[in-house]
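See below for the structure under consideration.
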Amino acid sequence: MKFVVFAIGSAAMWLWVRNTALPSLIRVLVSFGFLFTGGYFGHSREYILMLLLLLLAITAINKNPLSNSSTLAICLLSTVNLFGLVMAAALTLATVLLPSIRRIKTPISTSTFAAIARVAVLTTAFAINAFWIYPKQESQFGVGTYIGWQKPIANAIFPFAESLESNQTMWAIFAVITLLLLAYGLLRTNRIGFAYLLSACAVLSLNASFGYAFYWWHWGAVAIVAVTSPLLKTEISTPRFGYRLIVFSLFVIACSGLIANWKGPGELVYGKTPYSMSQTTADQLKEICQPDCTIIVDWDATGAAISAHLGGKSLYYLNRQEFGTFALFVRTNVSPTWEQAISTMQQFDRPILVTTDLLTGVLPNDLEMVSAPWGGVWDNALILQLATKPIRPQ
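Just so we're aligned: 140 in the numbering used here is position 134 of the sequence shown, and the numbers increase by one with no gaps anywhere.
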C-alpha cells in the first residue's frame, strides 16, 4: 500500500511539475514537501488521489472548460472527500459557470442545451456528494464546534507551527499575509486562479474553524489549493511583479513543508513515539487470545487497523453491531456505551474488549483491565475482559 501511495503521489507531482512554469527550486521544494513530509501524502491515501484528480481536472479545464472530459474530471474530484468537493465547486465557479451562462443566454442551439445539461450534471453531482460526504454532528464527532480561526489557518500554511507552542495568532497572521500575497499576485497575472484560490480557501478555512476538518493533515488542503492555483490557464500577460509575488508565496509554503519533516507532522509520523498503537495492540491480543477469543472493538476505524495486523481477522464492531474487517463509511455515527459493550460481551464465550477513546467515564465493575497499549500519538487502547468470563487472571 505504501508503494501504491508513493506511485500515485509521484504521478500527481509529475503532472504538477509538467504543468507549472515556476522556477526549478520551487518545483523541487513543493514536490519534496508534499511527497515526503509526515503530512498530506504520508498520512492519507485519499489526499494523493484528490491531488491527482485535481490536476487532471485543471489540465482538462485548461484545454476546454466546457468539454465533457473537464465535466467528468470535476465530478470525480467531488467524490473523493469534503476537500475535493470544495475544490471541485471552486473550479466550477472560477472556470465553468460564467462561460456556461453566456452560452445559455445565446439564441437556442445545440450548445445552449449542452451548457444547461453541463450545469445540471455538476449541480446534481455536488448535491449528492454533499449529502453523503459533508460531515454533520451525527456523522462525525466534534463537528460544528467553533475552534477559532487562528489554529486552522496557521497550520494550513505553517504545519510545524503547533509543535513550537508559540503564539498561534502570530502564525495565523503570517499565513493570511502569505495567502494574500499569493492572491494579489494571481489577481495581477491569473484572475481565474485568483477566483479559484479565494473561493476554495474561504470555504476550507470556514470548515476548519468549525471543527469540520480539525486534524493537522486536513488543514493541508489549503496548501494544495495554493500550489495548484497558478496552473489555471489565463489570457493575461504576466507582469513581473505579480509573478514574483506568486513565486515568493509558494517558496514560503514549500519551505514550510520542508521544515515539517522535522517539526510538526513529520515528527508525529516518523518520530520515536509510535504514531499508532494498533500493531502493539494486535501483538498483545495474539498473546492474550490463546487459543482464540472474540475481539470486540468500540469503533470500526480502530478495529480495521487491528484486524489488518491480525491477518484480516473478523472483529466485532460495537458502533455497527456486526462483525467486520474494514471500516465502513456511514452517514450516522452511533457512539457506543459501557452498557452496550458489557451486554455484547455476555453473548460470547471468550470475549475481549478493546477501547480507544469512545467509551468514556469510570470503568464499570463488571470489567477488568488486562493490558493497556499506550504511549502512541493515536490509537492508544485499553484491553478489557469480563469479570464473569475472565480470559487471563487479574
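A virtual CB, placed ideally from N, CA and C, is assigned to each residue, including glycine.
Span separating the alpha-carbon of tryptophan 222 from that of serine 117: Unreliable placement is indicated for tryptophan 222, whose pLDDT of 48 sits below 50; the coordinate value is still reported in the next sentence. For tryptophan 222 and serine 117, the distance between alpha carbons rounds to 44 Å.
Pick from Ser377, Phe254, Gln285 that is closest to isoleucine 32, judged by C-alpha positions: Residue Phe254 is the option with its Cα nearest to isoleucine 32.
Rounded separation between asparagine 74 and alanine 66 - CA only: About 9 Å.
Proximity below 9 Å, CB of cysteine 207 to CB of alanine 232: The answer is yes: Cβ separation under 9 Å.
Sequence-distant residues of the same chain with beta carbon closer than 8 Å to isoleucine 389, five excluded per side: So the list reads Thr287, Gln290, Leu291, Ile294, Ile358, Leu359, Val360, Met375, Val376, Ser377, Ala378, Pro379, once near-sequence residues are dropped.
Residues bridged to methionine 375 [DSSP beta-bridge criterion]: DSSP, once it has assigned bridges, lists Leu390 as partnering methionine 375.
Isoleucine 312, DSSP secondary structure in three states: Looking at isoleucine 312 - three-state DSSP - the assignment turns out to be helix.
Simplified DSSP assignment, three categories, for glycine 48: For glycine 48, the predicted structure reports a pLDDT of 49, less than 50, and the residue's modelled location is therefore unreliable. A value from the coordinates is still provided. It is helical.
Exposure label - threonine 362; buried when at least 16 CB within 10 Å: By the 10 Å Cβ count, threonine 362 comes out buried.
DSSP beta-bridge partners of glutamate 345: Partner(s): none; glutamate 345 has no beta bridge.
Tyrosine 140 versus Gln156, Ser84, Glu273, Val125, residue with shortest Cα-Cα distance: Cα-wise, what sits closest to tyrosine 140 is Ser84.
Residues bridged to threonine 130 [DSSP beta-bridge criterion]: BP columns for threonine 130 are empty, so no partner.
Counted within 10 angstroms of its Cβ, other Cβ atoms place isoleucine 107 as buried (16 or more) or exposed: It counts as exposed.
Rounded straight-line distance, which links the Cα of threonine 112 to that of glycine 45: With a pLDDT of 49 at glycine 45, under the threshold of 50, the modelled position of this residue cannot be trusted, and the question is left open.
Beta-carbon proximity of serine 215 to tryptophan 177, cut-off 9 Å: No Cβ-Cβ contact shorter than 9 Å links serine 215 with tryptophan 177.
Three-pair Cβ contact test at 8 Å for the segment 300-309 versus the segment 320-327: With the cut-off at 8 Å, the segment 300-309 and the segment 320-327 touch.
Spatial neighbours of leucine 82 in its chain, beta-carbon cut-off 7 Å, leaving aside the 5 residues before and after: The beta carbon of leucine 82 sits closer than 7 Å to the beta carbons of Leu59 from its chain, once the five residues preceding and following it are set aside; these are given in chain order.
Neighbourhood of aspartate 355 by C-beta, 8 Å cutoff - its chain only, sequence neighbours within 5 removed: Within the same chain, aspartate 355 has close Cβ partners Thr300, Lys395.
Span separating the alpha-carbon of glutamate 328 from that of alanine 307: Approximately 14 Å between the Cα atoms of the pair.
Status (buried if at least 16 other CB within 10 Å, exposed otherwise) for tyrosine 152: With fewer than 16 Cβ atoms within 10 Å of its Cβ, tyrosine 152 is classed as exposed.
Pair within 9 Å by beta-carbon distance, isoleucine 110 and valine 125: Cβ atoms of isoleucine 110 and valine 125: closer than 9 Å.
Span separating the alpha-carbon of leucine 91 from that of glutamine 296: Looking at the two C-alpha atoms, the distance is approximately 47 Å.
Cβ contact check for the segment 192-199 and the segment 130-139: 3 or more pairs under 8 Å: The segment 192-199 is not in contact with the segment 130-139.
Contact set for valine 102: own chain, Cβ-Cβ below 6 Å, skip 5 residues either direction: Cβ neighbours of valine 102 beyond the five flanking positions: Pro71.
Limits of the unbroken alpha helix (DSSP H) element including phenylalanine 329: From DSSP, phenylalanine 329 is part of no alpha helix (DSSP H) but of the beta strand (DSSP E) over 328-330.
Backbone secondary structure at valine 86 - three-state DSSP: Valine 86 falls in the coil class under three-state DSSP.
Presumed contact (8 Å Cβ cut-off) between phenylalanine 89 and alanine 314, rounded CB distance: At roughly 25 Å, the Cβ-Cβ gap does not stay under 8 Å, so phenylalanine 89 and alanine 314 are not in contact.
Inter-residue spacing [alpha-carbon to alpha-carbon] between threonine 366 and arginine 326: Each residue's Cα considered, the two are about 18 Å apart.
Delimiting residues of the alpha helix (DSSP H) encompassing threonine 175: Per DSSP, threonine 175 belongs to the alpha helix (DSSP H) from 174-195.
Distance between beta carbons of isoleucine 159 and alanine 181, contact taken as under 8 Å: Yes, they are in contact, since the Cβ atoms of alanine 181 and isoleucine 159 sit about 5 Å apart, within 8 Å.
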